[in-house]
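Data first, discussion second: the structure below is written as structure tokens.
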Amino acid sequence: MVNRRQWIAGAAALPAAAAAQSAQPKNIVISSNNGLRCCARAMEILKTGGDTLDAVIAGVNINEEDPEDTSVGYGGLPNEEGVVELDASLMHGPTRRAGSVASLRNIKYPSKVAKLVMTETDHIMLVGEGALRFAKAYGFPEENLLTEKSRLAWLTWKRSQRDGGGHNNWTDGLDAPAKKGQVPAARLRQQFPHADDETLAWAWDMTVNPPTGTINCLSLNTRGDMSGVTTTSGLAWKIPGRVGDSPIIGAGVYVDQEVGAAGSTGRGEENIRVAGAHTIVENMRHGMPPKEACLDCLKRIARNYGNDPARLAKFDINFYALRKDGVYAGTSLWSGRIRQGKVTRSKFAVNDGGQSRLEDCEYLFERKG
Ligand code: GLY
927 MVNRRQWIAG AAALPAAAAA QSAQPKNIVI SSNNGLRCCA RAMEILKTGG DTLDAVIAGV
987 NINEEDPEDT SVGYGGLPNE EGVVELDASL MHGPTRRAGS VASLRNIKYP SKVAKLVMTE
1047 TDHIMLVGEG ALRFAKAYGF PEENLLTEKS RLAWLTWKRS QRDGGGHNNW TDGLDAPAKK
1107 GQVPAARLRQ QFPHADDETL AWAWDMTVNP PTGTINCLSL NTRGDMSGVT TTSGLAWKIP
1167 GRVGDSPIIG AGVYVDQEVG AAGSTGRGEE NIRVAGAHTI VENMRHGMPP KEACLDCLKR
1227 IARNYGNDPA RLAKFDINFY ALRKDGVYAG TSLWSGRIRQ GKVTRSKFAV NDGGQSRLED
1287 CEYLFERKG
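If you're matching positions, the sequence shown starts at 927 in my numbering and goes up one per residue.
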């Protein structure tokens, strides 16, 4: 017979994955830092016994319809032609099914369309014109997703571009009076006289540092069901048709509720090359805790650049992981990101039944100002 001391020693020796096997699941939602309201909404649904996928979709719908979230849905920053193109994917743990859309134009809720791809077709991914026709077949209205704020940022970017001779057809002509020494802020003020200073500073920041925002949201309920979704307008000023990691199952999101779920935000090109979300779930399957599973994935990205900090400093990427027992992690390549000249600490959102809160991400490299 095993005495108490032996039993405790044995339990401590259990690999993390086996320990997770025996833990009691609980209601918990995590997301990227833009998901405080998203997590709260998803938690409301979990508390009423709703499905984990319906919960995360309802959560990210808040971001998809929010014109102030310029990295997701309506108001997202457009491609280089000024057209908003959306990507989304999701996985439903209980049924092990998945759905995805990419390069979807004019439809506000790509996550809802991705769910219909999952439930109403024999496919997993629809893109471009086909995805649009499918959405319209299900009654989604076509809408212009470009807000005035995002249009201003797009025009700012367009006017900032220069050929080898320093020329740009989208600025005033060669015959215009000289404006020697004029700083960008003054030029912007002249171009957009009705915009406030904050919007102009933001537009210039978006021009200089094109963002890849996005929202990822992962959920677990008391039955042990798990789901995940990722939705985005992708990289600002992208070539039309560019698809990032968000709609790629195994990169933008991955769920195996026997182990856990993972997702990503940030520069999608790096994530695709390491199949991030799938890699993290597999890391957890082999016993790594969520934090280590994510950091390992970030190390794979760093290795793709020979661990050269100068090249790695040009982008950021975040991974999120939620294990089946509710242990979670939010991680980032860099300790913070530079926005409008300041380093802001990388964070992620959590809701475990009370108010949503932001927690600091664990990170691989310290970003110095
Ligand atoms: N992670 C979003 C994108 O790169 O499109």
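Think of the CB as a built atom: it goes at the ideal place given N, C-alpha and C, for glycine as much as any other residue.
DSSP links asparagine 987 through a beta bridge to no other residue. About 7 Å separates the Cβ atoms of lysine 1034 and leucine 1071, confirming a contact at the 8 Å cut-off. Arginine 1113 has its alpha-carbon roughly 14 Å from the corresponding atom of glycine 1099. Taking 7 Å as the cut-off, one finds no heavy atom of the ligand GLY near enough to the beta carbon of glycine 1099. Counting C-beta atoms within 10 angstroms of its own C-beta, lysine 1038 has 16 or more neighbours from the protein chains shown and is therefore classed as buried. Going by DSSP, lysine 1062 is part of no beta strand (DSSP E) but of the alpha helix (DSSP H) stretching over 1054-1063. Taken in chain order, the segment 1069-1099 contains no complete beta strand (DSSP E) segment of 3 residues or longer.
Just so you know, the alpha carbons of aspartate 1286 and lysine 1240 end up roughly 21 Å apart. Summarising the contact set, residues whose Cβ lies nearer than 6 Å to any heavy atom of the ligand GLY are, in chain order, Thr1138, Thr1140, Thr1158, Gly1160, Leu1161, Gly1170, Asp1171, Ser1172, Thr1191, Gly1192, Arg1193 and Gly1194.
Separation of aspartate 1251 and proline 951 (C-alpha to C-alpha, rounded to the nearest whole angstrom) is 5 Å. In this structure the segment 1260-1280 does not touch the segment 1196-1214; the number of beta carbon pairs closer than 8 Å is below three.
Note that the segment 1223-1231 does not touch the segment 1270-1280; fewer than 3 beta-carbon pairs, one per stretch, sit closer than 8 Å. Counting only the Cα atoms, lysine 1084 lies some 42 Å from isoleucine 954.
DSSP, reduced to helix, strand and coil, places valine 1207 within a helical segment of the structure shown. In this structure, the CA atom of glycine 1139 is about 29 Å from the CA atom of alanine 1063. Annotation for proline 1215: Ala942, Arg1249, Val1253 and Ala1255 place their beta carbon closer than 8 Å to its own, counting only its chain and skipping 5 residues before and after. When secondary structure is reduced to three states using DSSP, tryptophan 1163 falls in the coil class, being assigned neither helix nor strand. The three-state secondary structure of asparagine 959, taken from DSSP, is coil. In this structure, the alpha-carbon of alanine 1028 lies about 10 Å from that of aspartate 1171.
Here the alpha carbon of threonine 996 sits roughly 26 Å from the alpha carbon of valine 1200.
Counting C-beta atoms within 10 angstroms of its own C-beta, histidine 1018 has 16 or more neighbours from the protein chains shown and is therefore classed as buried. For cysteine 1220, there is no enclosing beta strand (DSSP E); the residue is part of the alpha helix (DSSP H) that begins and ends at 1216-1230. Pairing leucine 1144 with glycine 1213 gives a Cβ-Cβ distance that is not under 8 Å. Nearest to serine 1015 by alpha-carbon distance, out of Val982, Leu972, Thr1125 and Phe1118, is Val982. Residue Gly1154 holds the alpha-carbon nearest to the alpha-carbon of alanine 1203 among Ser1159, Gly1154 and Ala1236. Assignment of asparagine 1244 by DSSP, reduced to helix, strand and coil, places it in the strand class. Apart from the 5 residues on each side of it in sequence, proline 1004 sits with its Cβ closer than 7 Å to the Cβ of Val1010, Leu1072, Ser1076 and Trp1080 in its chain, given in chain order. Taking the Cα of glutamate 990 as reference, the smallest distance to any Cα among Asn1147, Met969 and Asn960 is reached at Asn960. In this structure, methionine 1152 places its C-beta atom within 8 Å of the C-beta atom of alanine 1187. By the CB criterion at 8 Å, leucine 1042 and proline 1036 fall outside the cutoff. Annotation: the continuous beta strand (DSSP E) that includes alanine 1028 extends over 1023-1031. Inter-residue distance for alanine 1247 and glycine 1176 is about 13 Å (C-alpha atoms, whole angstroms).
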